[in-house]
Structures are given as C-alpha cells and as structure tokens.
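Going by this note's numbering, the letters in the sequence shown line up with residues 214 to 321, in that order.
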Amino acid sequence: MADNLSTPRITSSYLDAFTSKTVRIVGRVTQLRGDTATVDADGVVTAHLNRDSHLAVGNAVELVCKVNADLSVKVLRSTDMGGGVDFNAVAAVVDATHRYKEIFYAAD
C-alpha cells in the first residue's frame, strides 16, 4: 500500500529503476510536439502529456508520472513552475531521496 502513496523524486538517470512506478520529475521543458514533451531532467525525458498539461518551452515543470517500459513517462499531473527554479537544489533533493530511500519510498 505504501508504494501506491509514494512518488519518489527522480532524474532521467533513475528511470530504468522505476519502470511501471509512479514518480516525480522536475526539469526544464525543451520541446513540445503535439501531446509529447521533451524535458531536461539531468538528461532527456520523453513525456506523454495528458489533456490537462499546459506547459511552455523554457519553463520548469514538475511531472507526476508513470515510467513506461521504453523509459518514456506517461504524465498523470503536471505543474508549470515558470523560470525561477534552482536546479542545483532539485538535484540535491533527488540525491537525498535516494541516499535515504527508507524515508522516502519502499525499495523493491
């Protein structure tokens, strides 16, 4: 049950460890094409958007998403965070999430 409630923060390098899991990704939108976005989250993430996703190229975004087998993500919820995000702080939070994973999520 805890797995259903946890959404660990990850970057692109963690995608393969979270296949079929729900996660949070913070990154910068680099491209929008139809219902697909390319997000730079310390590497490229391909995001398949839902109808409620209203993103802008160049803005930061937080995605709550499910990781697909091909390492793209299906967006469940997105939040446009504008341009003032400190990505060094985001990296530090992701690092802490995985360094102290017993606090943030249940490892399989």
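Backbone N, C-alpha and C define an ideal beta-carbon position, used for all residues, glycine too.
May I ask you to report which of helix, strand or coil DSSP gives residue i?
i: S291; result: strand
i: L276; result: strand
i: T245; result: The identity of residue 245 in the sequence shown is Leu, whereas the question assumes Thr. If DSSP states are grouped into helix, strand and coil, L245 belongs with the strands.
i: D283; result: coil
Which residues in the same chain as residue i place their Cβ atom closer than 8 Å to its Cβ, once the five residues preceding and following it in sequence are excluded?
i: L262; result: D248, T249, A250, L268, V288 and S291
i: V286; result: L228, V236, I238, V258, T259, A260, H261, L276, C278, K279 and V280
i: D265; result: R290 and S291
i: F231; result: P221, I223 and V280
i: V270; result: V242, T243, Q244 and L245
For residue i, is the beta carbon positioned less than 8 Å from some heavy atom of the ligand MN?
i: A320; result: Although the ligand MN was asked about, the structure shown includes no ligands whatsoever.
Which same chain residues, not among the five before or five after residue i, have their C-beta less than 6 Å away from its C-beta?
i: G240; result: V252, D253 and A254
By alpha-carbon positions, which one of the options ends up nearest to residue i?
i: G297; options: V257, E275, L245 and K279; result: E275
i: S226; options: G256, S233 and V306; result: G256
Skipping 5 residues on each side, what residues in its chain have a beta carbon closer than 7 Å to that of residue i?
i: D229; result: L284
Tell me, which residues are paired with residue i by DSSP?
i: R222; result: R237
- Message: Check whether the region 217–231 and the region 301–319 are in contact - that is, three or more C-beta pairs closer than 8 Å.
- Response: yes
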